[in-house]
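Following the numbering used here, the residues of the sequence shown are numbered contiguously, the last one being 111. Notes follow once the structure below has been shown.
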Amino acid sequence: MSPVMNNTKWEELRLRMCGLGALSPQFRVRNLHSGYLSAWDGEWFHHFYGRHEEDEWVEISVTSAAQREAVLRVLRSVHVPGVTTGTGFKIFGYVPLGTHVGYL
Numbered sequence: 008m009s010p011v012m013n014n015t016k017w018e019e020l021r022l023r024m025c026g027l028g029a030l031s032p033q034f035r036v037r038n039l040h041s042g043y044l045s046a047w048d049g050e051w052f053h054h055f056y057g058r059h060e061e062d063e064w065v066e067i068s069v070t071s072a073a074q075r076e077a078v079l080r081v082l083r084s085v086h087v088p089g090v091t092t093g094t095g096f097k098i099f100g101y102v103p104l105g106t107h108v109g110y111l
C-alpha cells in the first residue's frame, strides 16, 4: 500500500470539519493493518485528533444536501484524495501500489 495523505493534511481536514459547526458530519475509520472499522463518530476535535499512520481510509456520512455541499467545499479546499459515495465521501490514507487516485 502507498500513502497518499500526511499528518498536515489530516490535521487540516480535522480543523476544517470542526469549523462546519452544525453541518459537521459523522465519520468512521478503517485501520490499514487490522481491518478494524470504527463506529460512526461526529467528534472531530478530540476523537479525530492525532496520528493517522494506520488509517487506510476515512468515510464521511452526510445527511442533507446542504451538509454534502459544505463538506465537499471543505474537501476540495484541503485537496484530499478520495471519492464521492452514495452516503457521502471516502478519503484515502493509503491505496494499493500503482493505483490512480482522484482528488476531491
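Ideal Cβ positions, reconstructed from N, Cα and C, are used throughout, including at glycine. Given the structure is predicted, the values throughout are model-derived calculations rather than measurements.
Closest to E60 by C-alpha separation, out of F99, S71, C25 and R75, would be which residue? F99
Have a look at E76, E18 and V102 and flag the residue whose alpha-carbon is nearest the alpha-carbon of F96. E76
Roughly how far, in whole angstroms, is the beta-carbon of V87 from the beta-carbon of L111, given that I think they are within contact range, below 8 Å? 6 Å
Beta carbon of R35 nearer than 8 Å to that of E63: no
At the level of alpha carbons, what is the spacing between M24 and N13? 17 Å
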